[in-house]
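> Got a structure for you, written out below as structure tokens; questions coming shortly.
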Amino acid sequence: MNRIILCLVCLLTTVSLFGMEPVKRIENGTKPKGKVKTLKFTEELRLTADQGDEYLWVGPTARVEPDHNGMMYVLDTRERRVLEFDQNGKFTRVVGKQGPGPGEFQMPQALQIFPDGTAMVHELVGPMVTVNYYDKGMVFKDRTQTQTLTGLLEGVVYAPDKSKKFANKVNVDMQKQTMVVFNGLMDEKSEPLIQVAQYEMMGINPARIGEANYWVEFMADRIRIGLHGIAGIMAFDSEGHFYSALNGQYQITQYDAKQNKTLEISRKYKPLPFTEEEITAVADPIYEILMTQLPPQLQEIITPAVMRRAVQKAEPPPVKPPVNGIVVMEDGHILVIFDSNLVTGKGVVDIFSPRGEYLGQAERDNRPFARMVFRNGKAYTMETVDGENELVRYDVKLVDAK
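Residue numbering for the sequence shown follows numbering that gives the first Met the number 0, starting at 0 and increasing by one per position.
Given below as structure tokens:
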């Protein structure tokens, strides 16, 4: 039946696709063909934890989101608040606080500021999805709340014009105690447009939530998705183009604003070994994320030791996945995060031209690339330095490698 449906879909779309330009497929080797390029980062601003409580943000989910005037906002998921800093890094105010709302947060997951100056903060508490809307200057406007077990959204990122979004859409089956996760692009109503990945995971078993062994199994089921290369990696650029990949395959696909596939980029690479030291370190950021979300009674059960057991149960492969994130610069250059070493802190990105040509690599300490945002001609990010998050703004230029 699925094959019949697929054939019908292909038949019906043939007419609309007739006459379109073929998809450009760029196959890159292990080295650039032309002059090797890299990125030059010049630090302009660094905010550290020793400047006060407003500058202390815990865990790998803390992110900076700049607006188009250079104001900087940090979503503090542990304290359930948004902190505002001016262009010079001076703390100016707190937006929101922990509470039932409106205008307050219970479990904020993501903050996004749009080109028109408006913003959204996305929350997920159990089966309740909350979206908080803000006018320019982060002035609270409204919120929507939806309670469902058939469309829980995790990791939501919207297109610049807000017409589409990508996320993990989770459908919970309480009877089977499973979760089916759709990973891909959706419209405004969360209807699927492009599937990047789909997989089934263990669901919540109320009878076992007090068992450490249950949480080892539960978390291993999730960790396995990323370690074994079947997790979807997605991004938007400033024009609304959508980029996707499976983290285990070095193939990046670009779609235009009408969901037409326009570019496929691949690269030959030498796989990086997954060392025992790094495998052990995988548990740390996951544990930090959980500690910002779990109630106290579960924090006593899900310990660092439980997380380390879960990582081992996920059966880590001998090599790392090659695609660990996609970040698109304002000028259209595409950065693919090739490595983000949890032990040394070294981050490595492969640099591609807007046409998909491999240009070279850039390396930085303190794993800055996964949380990097390019805006206002600058690169904003959070770096982990000696276990603390630091907000950094760089001037960045594409230059010839030495």
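Quick reminder that beta carbons are idealized off the backbone N, C-alpha and C, glycines included.
On a predicted model such as this, the values are computed, not experimentally measured, just so you know.
1) Starting from lysine 279, follow its DSSP beta bridges and name the residues at the other end.
2) CB isoleucine 229 to CB leucine 245, shorter than 8 Å?
3) Could you check which residue in Phe40, Asp75, Met178, Val22 has the C-alpha nearest to that of methionine 290?
4) Can you tell me where the alpha helix (DSSP H) holding glutamine 296 begins and where it ends?
5) By Cβ distance, which residues of its chain are closer than 6 Å to methionine 0, with the 5 residues on each side in sequence left out?
6) With the cut-off set at 8 Å, would you say alanine 166 and leucine 152 are in Cβ contact?
7) Let me know the secondary structure DSSP gives tyrosine 213 once reduced to three states.
8) Under 8 Å between the Cβ atoms of phenylalanine 104 and glutamate 122?
9) Which residue's Cα is closest to the Cα of alanine 256: Lys39, Thr129, Ser162?
10) Would glycine 150 and serine 189 qualify as a contact pair, given that the criterion is a beta-carbon distance under 8 Å?
11) Determine the DSSP secondary structure at proline 284, reduced to helix, strand or coil.
12) Nearest to valine 318 by CA position, among Ile300, Tyr268, Ile203, Gly324, is which residue?
13) Looking only at C-alpha atoms, which of Gly51, Arg24, Leu55, Asp66 sits nearest to glutamine 378?
14) CA-CA distance, asparagine 375 and valine 391?
15) Closest to methionine 201 by C-alpha separation, out of Gln174, Leu192, Gly183, Glu187, would be which residue?
16) Between the beta-carbon of glutamate 78 and the beta-carbon of glutamine 97, is there less than 8 Å?
17) According to the Cβ coordinates, are isoleucine 350 and lysine 36 closer than 8 Å?
18) Expressed to the nearest angstrom, what Euclidean distance is found between the alpha-carbon atoms of valine 384 and proline 191?
19) According to the Cβ coordinates, are phenylalanine 368 and valine 348 closer than 8 Å?
20) Please name the residue in Gln197, Tyr198, Asn212 whose C-alpha comes closest to that of asparagine 204.
21) Counting only the same chain and skipping the five closest in sequence on each side, list residues whose C-beta sits under 8 Å from that of serine 265.
22) Given a cut-off of 8 Å on the beta-carbon distance, is the pair threonine 129 and glutamine 111 in contact?
23) With a Cβ-Cβ cutoff of 8 Å, do isoleucine 336 and glycine 346 count as a contact?
24) Starting from the Cα of methionine 71, find the closest Cα among Trp56, Lys89, Thr60, Pro59 and give me that residue.
25) At 4 residues or longer, what runs of the alpha helix (DSSP H) sit wholly inside the stretch 175-255?
26) Identify the continuous beta strand (DSSP E) that holds glutamine 97 and give its terminal residues.
27) If you reduce the DSSP assignment to three classes, tell me which class arginine 79 lands in.
28) Considering only C-alpha positions, which residue in the set Gly116, Gln146, Lys135, Val305 is nearest to methionine 127?
29) Looking at the structure shown, is glycine 321 part of a helix, part of a strand, or coil, going by DSSP?
30) Let me know the beta strand (DSSP E) ranges lying completely inside the stretch 331-355, each 3 residues or longer, listed in chain order.
31) If contacts are defined as beta-carbon pairs under 8 Å, then valine 215 and lysine 312 qualify, I think. What distance do you get, rounded to the angstrom?
32) Measuring CB atoms only, is the stretch 298-313 touching the stretch 349-366, in the sense that at least three cross pairs come out at less than 8 Å?
33) Thinking methionine 106 and glutamine 360 are a contact (beta carbons under 8 Å), I'd like their distance in whole angstroms, please.
34) Pop quiz: leucine 226 and proline 315 are said to be a contact at Cβ under 8 Å. What is the actual Cβ separation, rounded to whole angstroms?
35) Could you tell me which residues DSSP puts in a beta bridge with alanine 109?
36) Near alanine 219, what residues of its chain come up, given a Cβ to Cβ distance below 6 Å and the 5 sequence neighbours on each side ignored?
Once the coordinates are examined:
1) With the sequence shown as reference, residue 279 is identified as threonine, and lysine is not the correct amino acid for it. For threonine 279, which the question treats as bridged, DSSP gives no partner whatsoever.
2) Isoleucine 229 places its beta carbon less than 8 Å from that of leucine 245.
3) Looking at the Cα atoms, Asp75 is the closest of the given residues.
4) Taken as a continuous stretch (DSSP letters only), the alpha helix (DSSP H) holding glutamine 296 covers 295-298.
5) Because the pLDDT of methionine 0 is 35, which lies under 50, any placement of that residue in the model is unreliable, and the question is left without a value.
6) Contact: yes.
7) Assigned with DSSP and collapsed to three states, tyrosine 213 falls in helix.
8) For phenylalanine 104 and glutamate 122, yes; Cβs fall inside 8 Å.
9) Nearest option by C-alpha distance: Ser162.
10) With respect to serine 189, glycine 150 sits close: the two C-beta atoms are nearer than 8 Å.
11) Here proline 284 sits in helix by DSSP.
12) That would be Tyr268, whose Cα lies nearest to the Cα of valine 318.
13) For the sequence presented, residue 378 should be read as alanine rather than glutamine. Ranking the options by Cα distance to alanine 378, first place goes to Asp66.
14) Spanning the two alpha carbons is a distance of roughly 14 Å.
15) Closest option to methionine 201, Cα to Cα, is Gln174.
16) Result yes, Cβ atoms of glutamate 78 and glutamine 97 sit closer than 8 Å.
17) Taking 8 Å as the Cβ cut-off, isoleucine 350 and lysine 36 qualify as a contacting pair.
18) Spanning the two alpha carbons is a distance of roughly 39 Å.
19) Yes; because the gap between Cβ atoms is below 8 Å, this pair is in contact.
20) Residue Asn212 holds the alpha-carbon nearest to the alpha-carbon of asparagine 204 among Gln197, Tyr198, Asn212.
21) Answer for serine 265: Arg24, Ile25, Glu26, Asn27, Tyr249, Gln250, Ile251, listed in chain order.
22) No, the pair does not count as a contact, with Cβ atoms beyond the cut-off.
23) Glycine 346 sits close to isoleucine 336, with the two beta carbons spaced by under 8 Å.
24) When each option's Cα is compared against that of methionine 71, the closest is Lys89.
25) The qualifying runs are 211-226.
26) Run containing glutamine 97: none; DSSP gives neither H nor E here.
27) DSSP places arginine 79 in coil when its eight states are reduced to three.
28) Cα-wise, what sits closest to methionine 127 is Gln146.
29) The sequence shown places proline at residue 321, not glycine. In the structure shown, proline 321 sits in coil (DSSP, three-state: anything other than H, G, I, E or B).
30) Listed in chain order, they are 333-339, 346-351.
31) With a Cβ gap of about 6 Å, valine 215 and lysine 312 count as contacting.
32) The answer is no - the stretch 349-366 does not touch the stretch 298-313, with fewer than three Cβ pairs under 8 Å.
33) Cβ-Cβ separation between methionine 106 and glutamine 360: approximately 37 Å, too far for a contact (criterion under 8 Å).
34) That belief holds up - the Cβ atoms of leucine 226 and proline 315 are roughly 5 Å apart, short of 8 Å.
35) Alanine 109 pairs with His121.
36) Within the same chain, Cβ atoms closer than 6 Å to the Cβ of alanine 219 are found at Ala309, Lys312, Ala313, the five residues on either side in sequence being excluded.
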